[in-house]
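This report concerns only the one structure given below.
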Amino acid sequence: MKSLIIIILFGLSLVASAQEGLLNKLLAPGPLMDGHSKLEAKDCLKCHNVGKGIDNGKCLDCHKEIKPFVLSKKGFHGLTLQNCIACHSDHKGKDYDAVAVDEKTFDHKKTGYILAGKHAQISCNKCHTATRKGKYVRPNDTRYFSNSNSCVSCHKKDDVHFYTGEYAKKDCGSCHGLTTWKKDVK
Numbered sequence: 016m017k018s019l020i021i022i023i024l025f026g027l028s029l030v031a032s033a034q035e036g037l038l039n040k041l042l043a044p045g046p047l048m049d050g051h052s053k054l055e056a057k058d059c060l061k062c063h064n065v066g067k068g069i070d071n072g073k074c075l076d077c078h079k080e081i082k083p084f085v086l087s088k089k090g091f092h093g094l095t096l097q098n099c100i101a102c103h104s105d106h107k108g109k110d111y112d113a114v115a116v117d118e119k120t121f122d123h124k125k126t127g128y129i130l131a132g133k134h135a136q137i138s139c140n141k142c143h144t145a146t147r148k149g150k151y152v153r154p155n156d157t158r159y160f161s162n163s164n165s166c167v168s169c170h171k172k173d174d175v176h177f178y179t180g181e182y183a184k185k186d187c188g189s190c191h192g193l194t195t196w197k198k199d200v201k
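Per the working numbering, the sequence shown starts with residue 16, numbered consecutively.
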């Protein structure tokens, strides 16, 4: 029985090479999302290791902006203990969005920056101001990746010290708290 299956598959692969990979159509779990569609039916090994699945290293070869976070074990991608494919399976069709974030259910603690005090009360786009410009899916939506967690990145205009002198090197949190900027002075 096993030999018959191998012969059938081999026969299909010979027929497939003349067309758009019949074997690929039979074995692929579905069409790739738009961002990876150029790899479809011809560059499977760009992501897959034969017999071993998908290697995070291959993902990071292309997604270079995420690699430093993974290597330094910082931020959401550096702190997660999952393989990339656990969240970013891309064989779900051209319109699939592999980076969708549900603001209502997202656990911000997973980023290494806990939202506390006033930070827990404001909308996500008050801090995450960049858009996904240049991306295939939702180019005008908020881009959550790689925000700075320094106070100065958002509060420079609020600082009466102007981040100069002794305050230039001081952590704002050593004097100010998260409930209110002015009243939590320690």
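Where a beta carbon is used, it is the ideal one built from N, C-alpha and C, also for glycine.
Given residue i as reference, the closest of the options once Cα atoms are compared
{"i": "D112", "options": "I129, C102, F121, K119", "result": "C102"}
{"i": "D122", "options": "D110, T95, I100, K79", "result": "T95"}
{"i": "K109", "options": "T179, M48, K184", "result": "M48"}
{"i": "E118", "options": "A131, T179, S138, C99", "result": "S138"}
{"i": "G132", "options": "K61, L60, G188", "result": "G188"}
{"i": "K136", "options": "L60, C62, T195", "result": "Before going further, note that residue 136 is Gln rather than Lys in the sequence given. The residue with the shortest Cα to Cα distance from Q136 is T195."}
{"i": "F116", "options": "R147, C77, K185, D174", "result": "Note on identity: in this sequence residue 116 is Val, with Phe being the wrong assignment. The shortest C-alpha separation from V116 is found at R147."}
For residue i, three-class secondary structure by DSSP
{"i": "N71", "result": "helix"}
{"i": "A145", "result": "coil"}
{"i": "H134", "result": "helix"}
{"i": "A191", "result": "The residue you asked about is not Ala; residue 191 is His in the sequence shown. Coil."}
{"i": "I22", "result": "For I22, the predicted structure reports a pLDDT of 43, less than 50, and the residue's modelled location is therefore unreliable. A value from the coordinates is still provided. Helix at I22."}
{"i": "D105", "result": "coil"}
{"i": "T179", "result": "coil"}
{"i": "K184", "result": "coil"}
{"i": "N140", "result": "helix"}
{"i": "T120", "result": "coil"}
Residue i, enclosing alpha helix (DSSP H) - first and last residue
{"i": "V85", "result": "82-87"}
{"i": "H170", "result": "166-170"}
{"i": "L54", "result": "That residue, L54, is in no alpha helix (DSSP H); it is neither H nor E in DSSP."}
{"i": "H92", "result": "90-94"}
Proximity below 8 Å, CB of residue i to CB of residue j
{"i": "G72", "j": "F84", "result": "no"}
{"i": "E55", "j": "P46", "result": "yes"}
{"i": "Y128", "j": "G50", "result": "no"}
{"i": "N64", "j": "D58", "result": "no"}
{"i": "H106", "j": "L193", "result": "no"}
{"i": "F91", "j": "K124", "result": "no"}
{"i": "N162", "j": "C142", "result": "yes"}
{"i": "A145", "j": "R158", "result": "yes"}
{"i": "L204", "j": "K82", "result": "Here the chain has residues from 16 to 201 only, and residue 204 is not among them."}
{"i": "G182", "j": "H191", "result": "Reading off the sequence, residue 182 comes out as Tyr, not Gly. Not in contact: Y182 and H191 (Cβ atoms no closer than 8 Å)."}
{"i": "K171", "j": "Y178", "result": "yes"}
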